[in-house]
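Notes follow the structure.
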Amino acid sequence: MLMESTTVGFSALNLSEPICRAVRGEKYDTPTPIQQQAIPHLLQGRDLLGCAQTGTGKTAAFALPILHRLSEKRQAPGSKGPRALVLTPTRELASQISDSFQTYGKYLNLKQAVVYGGVSPKPQISALRRGVDILIATPGRMIDLYQQRCLRLDQIEVFVLDEADRMLDMGFLPDIKKIYAMTPESRQSMLFSATLPDEILRLTKHFLKDPVKVAVNPPASTVDRIDQRVLFVDRENKGALLESVLLGDGIHRALVFSRTKHGANRIVKNLGKARIKADSIHGNKSQAARMEALRKFRAGKVQVLVATDIASRGLDVEGITHVINYEIPNEAESYVHRVGRTARAGATGVALSFCDAGEKGYLHNIERTINRTVTVIDDHPFHSASIAAKSKHGNATGGKFSAKRNSNFAAKPGKNQNRKKYFPAKPGKKIRSRSPRSAVSA
Ligand code: AMP
């Protein structure tokens, strides 16, 4: 990923040689801002409150000092239980963090295990029995295993609560408090959160002792590199618009966001009818099915992955050329998070948002948050002039939308067969009137 840092390299952080070697192997030249700001304090044993989201390099910011600390005072992992615990909201994030520990710790002799729900607990129990130094877990499965006495937490030296705001949204607060109370008072604690609402601030008072506070924005350069556009469309034409977009040139790997799990399934089904290979990832799917969908997407076997916000949290897939908001998220932060799935690792990317009449308020909030107006594409076959027109007057930012020619999707349908095949619904023609908001949760 791109980091605009001008300062020191990793060698100045006083991390042990095997860790520096692993980091060099990843071709990281410079610590990211959160790494630079957090690692020296963490190496001194301070607690930390990190206001940062995925994409800023925060995993290494906590993983490197943990590896350093545990390898300095090496102990044989055994029945006593893990020495570091990382709690994270989703299975995907847990397994990504586990991969990072694996990578950064490959020249160290530390053991780790990852536990999460949705899969058989047996291999996880066996791994715990063999002894681990570092445990990465989602809260529910961890409590189950603790209650079954497969695990003890009285040796924990470092406790990390990752994506705390998302944990709260997902109702994990009581579990987190329970787990925290099981760990020793002497632990070093870190809490990372993309946002700091009052509830998180209250939690930090309870969790952290005189913490160092570090706040970093998602790298502005990343958002700058994303070509962000909005397409005004009646809700009932979104499916047809998606097909036309995906059949255009230059879309190699697209991540489509749907608000609901059922919506995600429906999108995949409809794309299948248009012979576009797609799969979905959401909370109703088994862990194995989620991993398989991700694997196919990563390997390029499917061009399109349809995801809900929660399932996609923290996903790091290289080479996503397009993020498509089939529905605009009601929180501007989710938008920033979603579009940040493209333009990773220095690449450029395109983010397209389909905006129906009920979503314009969300768009305005997003524009306020990202402090820019999103370019309007109006030369697509399903453009709704009435939604666009209302937007011009109702734009809360006071900014002007500008129409731009678009090369990222299929040309307007002419009188050829494609029109019938790819544009089944005539723009403006109502197929079925649906409520723009569905009550089903992600
Ligand atoms: P994270 O925010 O931890 O999910 O990290 C996002 C991405 O940044 C991952 O793909 C990391 O491999 C990468 N990354 C982390 N630290 C650095 C660094 N110092 N230089 C370059 N890339 C990094």
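For the sequence shown, the working numbering assigns the number -3 to the initial residue and increments by one for each residue that follows.
Virtual Cβ for every residue (Gly too), placed ideally from N, Cα, C.
| glycine 439 - containing alpha helix (DSSP H), residue span | With the chain covering -3 to 438 only, the question about residue 439 has no answer from this structure.
| Does any heavy atom of the ligand AMP sit closer than 7 Å to the C-beta of glycine 296? | no
| DSSP beta-bridge partners of serine 185 | Phe155
| field | Local conformation of alanine 133 per DSSP, three classes | value | strand
| Looking at C-beta atoms only, is the number of pairs between the stretch 76 to 92 and the stretch 282 to 296 that lie closer than 8 Å three or more? | yes
| task | Alpha carbon to alpha carbon, how far is valine 82 from isoleucine 132? Give it in angstroms, no decimals. | result | 5 Å
| message | the ligand AMP and alanine 34: does the residue's C-beta get closer than 7 Å to at least one heavy atom of that ligand? | response | no
| request: To the nearest angstrom, report how far apart valine 319 and valine 346 are at their CA atoms. | output: 6 Å
| query | In whole angstroms, what separates the C-alpha of valine 300 from that of serine 349? | reply | 16 Å
| Residue from Ile152, Ser182, Leu199 and Gln92 with nearest C-alpha to lysine 173 | Leu199
| What did DSSP end up calling cysteine 351 once you bin it into helix, strand or coil? | strand
| field | Rounded separation between serine 7 and tyrosine 24 - CA only | value | 11 Å
| request: Indicate the three-state DSSP secondary structure (helix, strand or coil) for serine 12 in the structure shown. | output: coil
| Looking at serine 385 and the ligand AMP, is the gap between the Cβ and the nearest heavy atom below 7 Å? | According to the sequence shown, residue 385 is alanine rather than serine. Flag unset: Cβ of alanine 385 not near the ligand AMP.
| request: Take the Cβ of phenylalanine 397 as the centre, count every other Cβ of all protein chains shown within 10 Å, and call the residue buried at 16 or more, exposed below. | output: At phenylalanine 397, the pLDDT of 28 sits below 50, so the modelled position is not reliable; the number obtained from the coordinates is stated separately. Label assigned to phenylalanine 397: buried.
| Cβ distance (whole Å) where leucine 141 is taken to contact glycine 77 below 8 Å | Their Cβ separation, rounded to whole angstroms, is 11 Å, which puts leucine 141 and glycine 77 out of contact at 8 Å.
| Cβ-heavy atom distance between glutamine 31 and the ligand AMP below 7 Å? | yes
| said: So, with DSSP's three-state summary, where would you put phenylalanine 228? | reply: strand
| Exposed or buried, glycine 336, counting other C-beta atoms within 10 Å across all chains shown (16 or more means buried)? | buried
| query | When the distance is taken between beta carbons, is aspartate 158 closer than 8 Å to phenylalanine 188? | reply | yes
| task | For the alpha helix (DSSP H) holding alanine 56, just list the boundary residues, first then last. | result | 54 to 68
| Are there 16 or more other CB atoms within 10 angstroms of the CB of aspartate 161, so buried, or fewer, so exposed? | buried
| message | Taking the alpha-carbon of proline 14 as reference, which of Val156, Val110 and Arg65 has the nearest alpha-carbon? | response | Arg65
| query | Under the criterion of a Cβ to heavy atom distance below 7 Å, does lysine 102 qualify as lining the ligand AMP? | reply | no
| message | Based on DSSP bridge pairs, tell me the residues matched to isoleucine 320. | response | Val252 and Leu348
| Euclidean distance between Cα positions of arginine 231 and methionine 186 | 43 Å
| request: Below 7 Å CB to CB, which residues in the same chain sit around leucine 60 once its five sequence neighbours on both sides are set aside? | output: Leu11, Ile15, Ile35 and Tyr100
| query | Beta carbon of aspartate 129, beta carbon of glutamine 108: below 8 Å? | reply | yes
| field | Distance CB(asparagine 261)-CB(serine 276) smaller than 8 Å | value | yes
| Where does serine 330 land, buried or exposed, given buried means 16+ other C-beta within 10 angstroms? | buried
| C-beta contact flag for glycine 167 and glycine 136 at 8 Å | no
| Going straight from the alpha carbon of alanine 353 to that of phenylalanine 228, what length do you get? | 8 Å
| query | Is the CB-CB distance between valine 372 and glutamate 363 below 8 Å? | reply | no
| said: What does the Cβ neighbour count give for alanine 385, buried or exposed, with the cut at 16 atoms within 10 Å? | reply: exposed
| How far does the beta strand (DSSP E) with glycine 46 in it reach, from first residue to last? | 44 to 47
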